[in-house]
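For the sequence shown, numbering that gives the first Met the number 0 gives the first residue as 0, with consecutive numbering after it.
A virtual CB, placed ideally from N, CA and C, is assigned to each residue, including glycine.
The structure appears below as structure tokens.
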Amino acid sequence: MNDLRETIIERVTGIPLGEMRQENANLREQVGQLDNTLEFMQEGMAELELALEDLNYIRLSADSEQEFSRNGLDKIVDLSRLMYVKNPLIKRQVQVKSLYVWAQGINVRAKNPEINKVLQAFWDDEKNRAELTSHQARMLKEVDLQVDGNLFFVFFVRPSDGRVRVRSIPMNEIREIVCDPNDAKSPWFYLRKWKETKINPQTGRKNTTQRQAYYPGWQYNPKVKPSKFGSIEVRWNEPVYHVRIGGFSDWKFGLGEVYAGIDWARAYKGFLEDWASLTKSLSKIAWKMTTPGGKKGILAAKVKLGTTLGSPPSGAETNPAPTTGSAFIGGQGVDLQPMNIRGANVSADDGRRLLLMAAAGAGLPETYYGDVSVGTLATAKTMDRPTELMMLERQTMWIDVLRNIFNFVLMWSVKATSGALNKLGTVTELPDDDEVELKLAWNKDVKAMLDIDFPPILEHDMQAAVQAVVTALTLNGQDIRLLDEPQGTRLILNALGVDDVDEIMTEMFPDETNSVTSSEARIGVVIRKIAEALRKQHVEVNDG
Numbered sequence: 000m001n002d003l004r005e006t007i008i009e010r011v012t013g014i015p016l017g018e019m020r021q022e023n024a025n026l027r028e029q030v031g032q033l034d035n036t037l038e039f040m041q042e043g044m045a046e047l048e049l050a051l052e053d054l055n056y057i058r059l060s061a062d063s064e065q066e067f068s069r070n071g072l073d074k075i076v077d078l079s080r081l082m083y084v085k086n087p088l089i090k091r092q093v094q095v096k097s098l099y100v101w102a103q104g105i106n107v108r109a110k111n112p113e114i115n116k117v118l119q120a121f122w123d124d125e126k127n128r129a130e131l132t133s134h135q136a137r138m139l140k141e142v143d144l145q146v147d148g149n150l151f152f153v154f155f156v157r158p159s160d161g162r163v164r165v166r167s168i169p170m171n172e173i174r175e176i177v178c179d180p181n182d183a184k185s186p187w188f189y190l191r192k193w194k195e196t197k198i199n200p201q202t203g204r205k206n207t208t209q210r211q212a213y214y215p216g217w218q219y220n221p222k223v224k225p226s227k228f229g230s231i232e233v234r235w236n237e238p239v240y241h242v243r244i245g246g247f248s249d250w251k252f253g254l255g256e257v258y259a260g261i262d263w264a265r266a267y268k269g270f271l272e273d274w275a276s277l278t279k280s281l282s283k284i285a286w287k288m289t290t291p292g293g294k295k296g297i298l299a300a301k302v303k304l305g306t307t308l309g310s311p312p313s314g315a316e317t318n319p320a321p322t323t324g325s326a327f328i329g330g331q332g333v334d335l336q337p338m339n340i341r342g343a344n345v346s347a348d349d350g351r352r353l354l355l356m357a358a359a360g361a362g363l364p365e366t367y368y369g370d371v372s373v374g375t376l377a378t379a380k381t382m383d384r385p386t387e388l389m390m391l392e393r394q395t396m397w398i399d400v401l402r403n404i405f406n407f408v409l410m411w412s413v414k415a416t417s418g419a420l421n422k423l424g425t426v427t428e429l430p431d432d433d434e435v436e437l438k439l440a441w442n443k444d445v446k447a448m449l450d451i452d453f454p455p456i457l458e459h460d461m462q463a464a465v466q467a468v469v470t471a472l473t474l475n476g477q478d479i480r481l482l483d484e485p486q487g488t489r490l491i492l493n494a495l496g497v498d499d500v501d502e503i504m505t506e507m508f509p510d511e512t513n514s515v516t517s518s519e520a521r522i523g524v525v526i527r528k529i530a531e532a533l534r535k536q537h538v539e540v541n542d543g
């Protein structure tokens, strides 16, 4: 029946069916080539767009002798954010540093109970938790800092009791930083431009207006405070604390850390895409067949092996591919062999140097990018020294940032008439040329030391850490008071990795009393109290 159909088709069209199928196959091949050409053209256009952006960076940076122009920074931030969202290498480097810095939390406390109460109130405030003090907020701030290079915190103070709440201004809204003409490191004002959208409750319509305002630096307090500069208002009650990384010390704006590795991350991505394309192209021809008979034999083989899908008259597949385990049967002189592509392909590992350049921009070894076969340093207890110091440096920077914020909070709690710390110190106004410096002085009997520290980055031997604390408490039997009970207890709890150390300390030492003098007695009391606290916590968990 099929032979009769083929004969009828050949007589009607006047074209042999084999040639028709060959022409159909040629057309399919041409369509495939056109698809590949279109893909290459799209990739070329994307590369041209990126090249134009790169040229624009050069032009924009040349407009300023000292640093990138503000428009140039906008493009860098936009590209950095896009790469963080889309490129796995950039996202990985940001996540690794964020996890090492913040994943284990932070300990914040003041030795004075009243000061500590004010700090905890600030720390637990729901508004502040949403912006800075919760775990998620701290992680996101670290991401913003690495990608954007700048954080702009805004303080909102309630003058009656000195309560402080913190918010932040997006990087793209700060358009200019005005500094002291005689001191480039003393910012006076931050010019903010933003769009404000309000909804009419009666009509439900949105009304968007363009706004701009100057915000004073958090340490700038001039004697004369005009309400406006020209037509632009000055928001004296909303000071800005600018945190920046990257760039140089004389730059006004910082520069994101991911910017240095973007070119190499993009190059590595392009290498892998080319490798995938080459591998895909090599896999299109899997077998090589030789057959006698010249052109007729080749044409017959093509017809027998070709698909009939879409061919007239029915368009159905009448020559499906063989199933797994099929046997090839051929006549004398017919040979079917798999294509030998040995040496024709490029190894994906050949792009390792590009990966290393992207990793160098992040300051991380390649073990942190998923390949543990090249080293054994990326473990819980060991880390190469430069990487460890990089993480410690970032933690130290955040300690400085939090200490500055806490000092601002405490100053207003003392300065406000109804502030919780109003009777514990005084805030003095000291004239300094055209400015007034606010100086906080605590009463002599007030211990205002703030203790801000991170848990250890690396896991240490727990037994050795506890034994070191015990040795410090007892000095091997020497009756010398090196550490008191609260200090030793806190150190042991931290060494044991106990959660809620502050809560347990409050239960164990409500009055921070130091009545035990003997070293043996001190260590006995400490161990007994720790055991009681942990036993109580265990019972509460089981009962709950």
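Near the ligand NAD: residue i beta-carbon under 8 Å from a heavy atom
{"i": "D444", "result": "Inclusion of the ligand NAD in the displayed structure is not the case, the ligand content being empty and no account of it being possible."}
Where residue i falls, given that 16 or more other Cβ within 10 Å makes a residue buried
{"i": "D143", "result": "buried"}
{"i": "S248", "result": "exposed"}
{"i": "M170", "result": "buried"}
{"i": "K251", "result": "buried"}
{"i": "S417", "result": "exposed"}
{"i": "G255", "result": "buried"}
{"i": "D147", "result": "buried"}
{"i": "T208", "result": "exposed"}
{"i": "R265", "result": "buried"}
{"i": "S204", "result": "Note on identity: in this sequence residue 204 is Arg, with Ser being the wrong assignment. Classification for R204: exposed."}
{"i": "T196", "result": "exposed"}
{"i": "K438", "result": "exposed"}
{"i": "N181", "result": "exposed"}
{"i": "K279", "result": "exposed"}
Proximity of residue i and residue j at Cβ, strictly below 9 Å
{"i": "N549", "j": "D452", "result": "Outside the displayed range of the chain (0 to 543) lies residue 549, so it cannot be described from this structure."}
{"i": "R80", "j": "E130", "result": "no"}
{"i": "M390", "j": "Y83", "result": "no"}
{"i": "L212", "j": "R191", "result": "Here residue 212 is Ala; the residue named in the question, Leu, does not match the sequence. Yes. Within cutoff."}
{"i": "E113", "j": "A471", "result": "no"}
{"i": "I261", "j": "L78", "result": "yes"}
{"i": "L150", "j": "S167", "result": "yes"}
{"i": "N111", "j": "K422", "result": "no"}
{"i": "K301", "j": "R20", "result": "yes"}
{"i": "L88", "j": "L492", "result": "no"}
Backbone CA spacing between residue i and residue j [nearest angstrom]
{"i": "A183", "j": "G246", "result": "15 Å"}
{"i": "N70", "j": "A467", "result": "55 Å"}
{"i": "E506", "j": "W193", "result": "49 Å"}
{"i": "G229", "j": "V400", "result": "33 Å"}
{"i": "I456", "j": "N199", "result": "51 Å"}
{"i": "E232", "j": "F155", "result": "17 Å"}
{"i": "L72", "j": "V177", "result": "17 Å"}
{"i": "A520", "j": "V469", "result": "In this predicted model, A520 has a pLDDT of only 49, less than 50, meaning its place in the structure is not dependable; the value taken from the coordinates is given anyway. So the alpha carbons of these two residues sit roughly 12 Å apart."}
{"i": "M396", "j": "M410", "result": "21 Å"}
{"i": "N403", "j": "V345", "result": "54 Å"}
{"i": "E458", "j": "R384", "result": "15 Å"}
{"i": "G305", "j": "G293", "result": "18 Å"}
{"i": "T425", "j": "K224", "result": "23 Å"}
{"i": "Y258", "j": "N220", "result": "35 Å"}
{"i": "L140", "j": "L388", "result": "A small correction: the amino acid at residue 140 is Lys; Leu does not occupy that position in the sequence shown. Approximately 20 Å, taken between the alpha carbons."}
{"i": "A24", "j": "E272", "result": "28 Å"}
{"i": "W235", "j": "N206", "result": "26 Å"}
{"i": "V153", "j": "P186", "result": "14 Å"}
{"i": "A320", "j": "F270", "result": "34 Å"}
{"i": "E392", "j": "Q145", "result": "14 Å"}
Spatial neighbours of residue i in its chain, beta-carbon cut-off 7 Å, leaving aside the 5 residues before and after
{"i": "P158", "result": "A415"}
{"i": "A494", "result": "M461, A464, V465, V468"}
{"i": "E18", "result": "none"}
{"i": "G253", "result": "G148, N149, R243, I244, G245, G246"}
{"i": "E428", "result": "V435, L437"}
{"i": "R179", "result": "Note on residue identity: the sequence assigns Asp, not Arg, to residue 179. Here the set comprises S185, W187."}
Sequence-distant residues of its chain with Cβ nearer than 6 Å to residue i (five each side left out)
{"i": "A109", "result": "N115, L118, L449"}
{"i": "M356", "result": "W263"}
{"i": "Q103", "result": "P454"}
{"i": "T516", "result": "Any reading at T516 is ruled out, since the residue's pLDDT is 39, under 50, leaving its predicted position unreliable."}
{"i": "E66", "result": "W250"}
{"i": "Q336", "result": "K287"}
Stretch pair the segment 209-216 + the segment 238-257: three plus CB contacts closer than 8 Å: The count of Cβ pairs closer than 8 Å, one atom from the segment 209-216 and one from the segment 238-257, reaches three, so the stretches are in contact.
Could you check whether the segment 331-350 touches the segment 283-293, counting it as contact only if at least three pairs of C-beta atoms, one from each stretch, sit closer than 8 Å? Taking a cut-off of 8 Å for Cβ pairs, the segment 331-350 and the segment 283-293 touch, as three or more such pairs fall below it.
Is the segment 346-363 touching the segment 319-332, taking contact as three or more C-beta pairs under 8 Å? The segment 346-363 vs the segment 319-332: no contact.
Does the contact criterion of 3 or more C-beta pairs under 8 Å hold for the segment 352-365 versus the segment 88-99? Yes, since at least three Cβ pairs between the segment 352-365 and the segment 88-99 fall closer than 8 Å, the two stretches touch.
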